[in-house]
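>
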Amino acid sequence: MTEADKQAIDLVIVGTESSIDESKAAAVVLHRLLGIQPFARSFEIKEACYGATAGLQMAQNYVALHPARKALVIATDIAKYGLNSGGEPTQGAGAVAMLIASQPRLLALKDDQVSLTQDIYDFWRPINHSYPLVDGPLSNETYIDSFSQVWTEHKRRTGLDFSDYAAFAFHIPYTKMGKKALLANLTEVTEAEQTRLLARYDESIVYSRRIGNLYTGSLYLGLISLLENSQELKAGDQIGLFSYGSGAVAEFFTGELVAGYEQQLNKEQHLHLLNTRQQLTIAEYEKMFAESLEINQEQQFQDSLPYSLTTVTNTVRNYALPKTSI
């Protein structure tokens, strides 16, 4: 972000289900660390993996009313299930940040979203539970059915069909989930059309194969992966996006690639981040997994990242300002 961006941002929205505080929003801390102008709203949104999409839609509406202003939406989570659990292989952590403006440089969002809410306990984490509770078969079934419902309704409202889309990006709790939902709705399209859409799907899960589940950021990681790993896309192409949060809220909406979008991609930087990670042994991983922050004890930490937790004093977490720009 430029200084001009920071002066134009009126909303800082964090979508997460990994919040570190029951009261104070992480968006308030990020607002300070990023140096955004003071007269802004900063808050968190929670609805499982859907939260960031709710923030994105809110940001889109705000910018439509105030085209000279901008909004920052951040999807950030730690997907952690416990050792020897069924969800352990899908774990992941990370964040995706999106700057919303009236003159987009990557993707222009359409006003065609279709949302769906159902009160279902397929995945939940009660207060004081360290790890979520999951009904795996129900979660898979609800995900697939939710996509079918919002896709069918979207097609009814807009008249758009699979042939109108260059690609789809899905919420990706694990890499086969979106494919299952897509295949369940491709029964009436040609084999060539299936092949085309499945090839784009494979491009959208390249990064998820290496990172795992990001919860709120998963859909947007898939979008980044699609754009950075596909050679078939071009400006003007329509991308369908499916967001899903257990519990359950689903949404389908459309974005159109704008001219020059390729110049906004950071494939080399993203690959560098992935390729310079430290591989752990099983023993090292399990030791790290068991570590936790004791919030009631004063602690100091080595400042090794651009934004780092430096101390905990009287349960207050203190974060360092950036040492260098990224």
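Taking our numbering, the leading residue of the sequence shown gets 37, the next gets one more, and so forth. All C-beta atoms in this analysis are idealised placements derived from N, C-alpha and C, irrespective of residue type, glycine included.
Shortest alpha-carbon distance to V65 belongs to which of K146, D155 and V48?
For V65, the nearest C-alpha among the options comes from V48.
> By the three-class DSSP mapping on this structure, what secondary structure does F206 have?
It is a strand residue.
> DSSP on G87, reduced to helix/strand/coil?
Here G87 sits in helix by DSSP.
> DSSP has M134 in a bridge; who is on the other side?
Beta-bridge pairing links M134 to V109.
> Expressed to the nearest angstrom, what Euclidean distance is found between the alpha-carbon atoms of Y230 and G276?
Per the sequence presented here, residue 230 reads as Gln, with Tyr not at that position. Distance between the alpha carbons of Q230 and G276: 15 Å.
> Classify Y256 as helix, strand or coil using the three-state DSSP reduction.
Helix.
> Quick check: the Cα distance between D41 and G122, rounded to an integer number of angstroms?
Cα to Cα, the separation comes out at about 43 Å.
> Out of L169, A295 and V150, which has the shortest C-alpha to C-alpha gap to Y117?
Out of L169, A295 and V150, L169 has the C-alpha closest to the C-alpha of Y117.
> Do the region 309 to 327 and the region 277 to 296 meet, that is, are 3 or more Cβ pairs less than 8 Å apart?
In short, these stretches do not touch, since the Cβ pair count stays below three.
> DSSP three-state call for Y355: helix, strand or coil?
Y355 falls in the strand class under three-state DSSP.
> Does I247 pass the burial test, meaning 16 or more other C-beta atoms within 10 Å, or should it be called exposed?
Buried.
> Near T112, what residues of its chain come up, given a Cβ to Cβ distance below 6 Å and the 5 sequence neighbours on each side ignored?
Cβ within range, chain order: T52 and A131.
> Would you check if the distance between the CB atom of L250 and the CB atom of L257 is smaller than 9 Å?
Taking 9 Å as the Cβ cut-off, L250 and L257 qualify as a contacting pair.
> Who are the near neighbours of T178 in its chain, counting only those whose CB is closer than 8 Å to its CB and skipping five residues on each side?
Q154, I156, D158, S282 and A284.
> What whole-angstrom Cβ distance do L129 and A144 have, given they're in contact under 8 Å?
Note that residue 129 is Ala in the sequence shown here, rather than Leu. With 8 Å as the limit, A129 and A144 do not qualify as a contact, their Cβ atoms being about 30 Å apart.
> In chain order, what are the residue ranges of uninterrupted beta strand (DSSP E) at least 3 long that sit wholly in the region 177 to 238?
Entirely contained in the region 177 to 238, the beta strand (DSSP E) runs reaching 3 residues are, in chain order, 203 to 206.
> Alpha helix (DSSP H) containing Q274: first to last residue?
Here Q274 belongs to no alpha helix (DSSP H); instead the beta strand (DSSP E) covers Q274 to G281.
> Using three-state DSSP, classify I247 as helix, strand or coil.
Helix, per DSSP.
> Can you tell me which of the three DSSP states D41 falls into?
Note: D41 maps to helix in three-state DSSP.
> Looking at the structure shown, is Q315 part of a helix, part of a strand, or coil, going by DSSP?
Residue state, collapsed to three classes: coil.
> Would you please state the rounded distance, in angstroms, between the beta carbons of F79 and A61? I believe it to be under 8 Å.
Their Cβ separation, rounded to whole angstroms, is 5 Å, which keeps F79 and A61 in contact under 8 Å.
> Do L218 and F206 have their C-beta atoms within less than 9 Å of each other?
Taking 9 Å as the Cβ cut-off, L218 and F206 qualify as a contacting pair.
> How would you call E83, buried or exposed, if buried means at least 16 neighbouring beta carbons within 10 angstroms?
The residue is buried, with at least 16 neighbouring Cβ atoms inside 10 Å.
> If you drop the 5 nearest sequence neighbours on each side, which residues of the same chain put their C-beta closer than 8 Å to that of A235?
Excluding sequence neighbours, A235 sits near E268.
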